[in-house]
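Novice: Under the working numbering, residues 1272 to 1658 are what the sequence shown spells out, in order. Beta carbons are placed, not taken as given, at the ideal position from N, Cα and C, and that holds for glycine. Here the structure is a predicted model, which means the values were calculated and not measured.
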Amino acid sequence: MKKKNRWILTIGILVLISVATGIFYRQTVQSTTQENVVLSKEDHIKRDLSVAGKTYQESVNIAAIGDILIHDTVFLDAATADGFDFKPMFSHVKDTLTKPDILLANQETILGGVELGLSGYPTFNSPREVGDALIDAGVDIVSTANNHTLDKGEKGIQSSMSYLSEVGLPYVGSFKNAEDQQRLRILNHNGINIAYLSYTYGTNGIPVPEGKDFLVNLIDKAAMKEEIHRAKDVADVVVMSIHWGNEYQRFPDSIQEEIAHFIVNEGVDIVFGHHPHVLQPMEWIQADDGRKAFVVYSLGNFLSGQMWDFKDIGGMVSLDIIKKITPTGSTIELANPEFNPTYVSSSGQRNYQVVPLEQAGKYGLEHAQSKYEEIMGHMTEPLKKAD
Ligand SMILES: [Zn+2]
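Right under this line is the structure:
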């Protein structure tokens, strides 16, 4: 072939290739365009990401249950051939407890185990297997500042805290040392940081050992204010689990209300109350800076050997934390508080089981449906008023 002809052939092939590529390219563009057309207006609205403002939102559902108060009748019922098993006691509520993203329980009794000598009322020491059952049931963190924290002295606290660290169940409210007390407990879910704090009104008259204030957080406005501010600096939301109020009273007293307003104004967003052994209502509190905070005054007993007069009724409270991020900053909104009441069923101080209150008729509770309705009204009425 002559040089000239070879050039013509080469140019011809190149032209063919570019035409073919052009057709292919056009088809690709067309099909992409066609795919784009498929996006409906509805699909577009559903997006949280706005091109103009780059605003998006995340949410986390957090929850809490009341006192885990292990009387001797309860641990005797959990005894097995080689230890203790409390897991069956939670099996009927496990579906409920594992639903929220983060669940707190108030571990009222020391988990010092058999080495410290097990005991019930009035100075409790419980099997360590209680902690295993809480983890199994979906509990993510326990508050440990309460009137029974010093029941077995420093030894009990150290033993309990070591066990919880060993099994990986975060605790807050009583601590191993001063450094441990200073370390904030912040749990993160979907990019939302939640700080957990815990305080108690007292320790049943047992004095805190000299120079060892870290063993238990006692309600003290200056200390609370300092820690709330420290938590607020690094977390999106501050949660306070607090031990307060009068036993067996179904409504909060003026001291609880005063403390609730104080901690909310200092920066607490969510208050989970414990101690009265019975349920006290939920309500919204408006903070001075405009935030809407959530308070449940008492979550009652979740698992205990106490019976009758509402002492065997507890429950799980849950609510959503919604974080919106915009180019100018982020905002936090609390929404959708819910309450799931529960009942501790037993027969002759055996076969302890936490069951949904609505279904408690099957487990021997008379008038379960009307009790369920009464409890739901009791817990939610003040919430509706402020909404
Ligand atoms: Zn208590």
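Taking the beta carbon of N1607 as the centre, do at least 16 other beta carbons fall within 10 Å, making it buried, or is it exposed?
Specialist: Residue 1607 sits at position 336 when you count from the first residue of the sequence shown. N1607 comes out exposed.
Novice: So what does DSSP say about I1339, is it helix, strand or coil?
Specialist: To locate residue 1339, count along the sequence shown from 1; it is residue 68. Of the three classes helix, strand and coil, the one that applies to I1339 here is strand, per DSSP.
Novice: Less than 7 Å between the CB of H1342 and some heavy atom of ligand 1, yes or no?
Specialist: Counting from one through the sequence shown, the residue named residue 1342 turns up at place 71. Not under cutoff, so the answer is no.
Novice: How is Q1640 classed by DSSP in three states: helix, strand or coil?
Specialist: As a first step, residue 1640 must be located in the sequence shown, where it is residue number 369. Note: Q1640 maps to helix in three-state DSSP.
Novice: Have a look at the DSSP bridge pairing and note the partners of T1597.
Specialist: Along the sequence shown, read from residue 1 onward, the residue named residue 1597 stands at position 326. T1597 is bridged to G1600.
Novice: Please go through the same chain and pick out, in chain order, the residues whose beta-carbon is closer than 8 Å to the beta-carbon of I1593, but skip the five residues on each side of it.
Specialist: One-based indexing of the sequence shown puts residue 1593 at position 322. If we look at I1593 and ignore the five residues flanking it on each side, its Cβ neighbours are Q1328, E1329, S1330, I1603, E1604, L1605 and A1606.
Novice: Under 8 Å, with one C-beta from each stretch per pair, do the segment 1433-1440 and the segment 1477-1493 reach the 3-pair mark?
Specialist: Segments in contact, no.
Novice: State yes or no: is the C-beta of A1334 within less than 8 Å of the C-beta of S1618?
Specialist: Counting from one through the sequence shown, the residue named residue 1334 turns up at place 63. Counting from one through the sequence shown, the residue named residue 1618 turns up at place 347. Going by C-beta atoms, A1334 is not nearer than 8 Å to S1618.
Novice: Let me know if I1499 comes out buried or exposed under the rule of 16 or more other beta-carbons within 10 Å of its beta-carbon.
Specialist: Against the sequence shown, residue 1499 aligns to sequence position 228. Buried, since its Cβ has 16 or more Cβ neighbours within 10 Å.
Novice: Taking Cβ to Cβ, would you say I1336 is nearer than 8 Å to M1587?
Specialist: Taking the sequence shown and counting its residues from 1, one reaches residue 1336 at position 65. Taking the sequence shown and counting its residues from 1, one reaches residue 1587 at position 316. Yes, Cβ-Cβ distance for I1336 and M1587 is below 8 Å.
Novice: Buried or exposed: V1505, going by 16 or more other Cβ atoms within 10 Å of its Cβ?
Specialist: The residue you call residue 1505 lines up with position 234 of the sequence shown. V1505 is exposed by the Cβ-count criterion.
Novice: Find the nearest neighbour of E1537 within the set E1554, Y1519 and R1501, judged by alpha-carbon distance.
Specialist: Stepping through the sequence shown from its first residue, residue 1537 is reached at position 266. For E1537, the nearest C-alpha among the options comes from R1501.
Novice: What is the C-beta distance between P1552 and E1652, in whole angstroms, given that I count them as a contact (C-beta under 8 Å)?
Specialist: Along the sequence shown, read from residue 1 onward, the residue named residue 1552 stands at position 281. Along the sequence shown, read from residue 1 onward, the residue named residue 1652 stands at position 381. At roughly 7 Å, the Cβ-Cβ gap stays under 8 Å, so P1552 and E1652 are in contact.
Novice: Indicate whether T1613 and F1573 have their beta-carbon atoms separated by less than 8 Å.
Specialist: Indexing the sequence shown from 1 puts residue 1613 at position 342. Indexing the sequence shown from 1 puts residue 1573 at position 302. A contact, by the Cβ cut-off of 8 Å.
Novice: Out of V1566, G1473, E1529 and W1579, which has the shortest C-alpha to C-alpha gap to V1549?
Specialist: For this step, residue 1549 is matched to residue 278 along the sequence shown. That would be W1579, whose Cα lies nearest to the Cα of V1549.
Novice: Hey, would you say the C-beta of N1572 is under 7 Å away from at least one heavy atom of ligand 1?
Specialist: Taking the first residue of the sequence shown as position 1, residue 1572 is located at position 301. The answer is no for N1572.
Novice: Helix, strand or coil: which one does DSSP assign to G1648?
Specialist: Along the sequence shown, read from residue 1 onward, the residue named residue 1648 stands at position 377. Note: G1648 maps to helix in three-state DSSP.
Novice: Any heavy atom of ligand 2 closer than 7 Å to the beta-carbon of N1396?
Specialist: Although ligand 2 was asked about, the structure shown includes only ligand 1 as ligands.
Novice: My understanding is that I1477 touches S1397, with C-beta atoms under 8 Å, so please give their C-beta distance in whole angstroms.
Specialist: Here residue 1477 is taken as the residue at index 206 of the sequence shown, counted from 1. Here residue 1397 is taken as the residue at index 126 of the sequence shown, counted from 1. Not quite, the Cβ-Cβ distance comes to about 17 Å (not below 8 Å), so this is no contact.
Novice: Around the Cβ of A1408, are there at least 16 other Cβ atoms within 10 angstroms (buried) or fewer (exposed)?
Specialist: On the sequence shown, position 137 is the one that residue 1408 refers to. When all chains shown are included, A1408 counts as buried.
Novice: According to DSSP, simplified to helix, strand and coil, what is T1303?
Specialist: Taking the sequence shown and counting its residues from 1, the one referred to as residue 1303 is at position 32. The predicted model places T1303 with a pLDDT of 43, which falls under 50 and marks its position as unreliable, so this point remains unresolved.
Novice: Let me know the secondary structure DSSP gives D1559 once reduced to three states.
Specialist: Here residue 1559 refers to the residue found at position 288 when the sequence shown is read from its first residue. Of the three classes helix, strand and coil, the one that applies to D1559 here is coil, per DSSP.
Novice: Could you say if the segment 1442-1453 and the segment 1416-1432 meet the contact criterion of at least three C-beta pairs nearer than 8 Å?
Specialist: Yes: the two stretches touch, three or more of their Cβ pairs being nearer than 8 Å.
Novice: Here's the rule I'm using: 16 or more other beta-carbon atoms within 10 Å means buried, otherwise exposed. How should R1621 be labelled?
Specialist: As a first step, residue 1621 must be located in the sequence shown, where it is residue number 350. Its Cβ having fewer than 16 others within 10 Å, R1621 is exposed.
Novice: Helix, strand or coil for D1524 per DSSP?
Specialist: Looking up residue 1524 in the sequence shown gives position 253. D1524 falls in the coil class under three-state DSSP.
Novice: What is the DSSP secondary structure of S1397, counted as helix, strand or coil?
Specialist: As a first step, residue 1397 must be located in the sequence shown, where it is residue number 126. Coil, per DSSP.
Novice: How is the beta strand (DSSP E) around Q1378 delimited, first residue to last?
Specialist: By one-based count along the sequence shown, residue 1378 stands at place 107. Looking at the DSSP string, the run of the beta strand (DSSP E) that includes Q1378 is I1373 to Q1378.
Novice: Give me the Cα-Cα distance between Q1453 and K1492, rounded to the nearest whole angstrom.
Specialist: Taking the sequence shown and counting its residues from 1, the one referred to as residue 1453 is at position 182. Taking the sequence shown and counting its residues from 1, the one referred to as residue 1492 is at position 221. Q1453 and K1492: Cα-Cα distance of roughly 16 Å.
Novice: Do L1570 and H1532 have their beta-carbon atoms positioned less than 8 Å apart in this structure?
Specialist: Reading the sequence shown from its first residue, position 261 is the one you call residue 1532. Reading the sequence shown from its first residue, position 299 is the one you call residue 1570. No. Outside cutoff.
Novice: Do I1373 and L1458 count as a contact pair if the criterion is CB distance below 8 Å?
Specialist: Translated into positions along the sequence shown, residue 1458 becomes position 187. Translated into positions along the sequence shown, residue 1373 becomes position 102. Yes; because the gap between Cβ atoms is below 8 Å, this pair is in contact.
Novice: At the level of alpha carbons, what is the spacing between N1461 and L1368?
Specialist: Within the sequence shown, the letter at position 190 stands for residue 1461. Within the sequence shown, the letter at position 97 stands for residue 1368. If I take the Cα positions, the gap works out to 19 Å.
Novice: Can you check whether the CB of L1654 is closer than 8 Å to the CB of E1554?
Specialist: Residue 1554 sits at position 283 when you count from the first residue of the sequence shown. Residue 1654 sits at position 383 when you count from the first residue of the sequence shown. Yes, the pair counts as a contact, with Cβ atoms nearer than the cut-off.
Novice: Nearest CA to the CA of V1697: which residue from G1384, N1464, D1540 and E1450?
Specialist: Coverage of the chain is limited to positions 1272 through 1658, which leaves residue 1697 absent and any answer about it impossible.
Novice: DSSP beta-bridge partners for S1461?
Specialist: Within the sequence shown, numbered from 1, the residue matching residue 1461 stands at position 190. Residue 1461 is actually Asn in this sequence, not Ser. Looking at the DSSP assignment, N1461 forms no beta bridge with any residue, so it has no partner.
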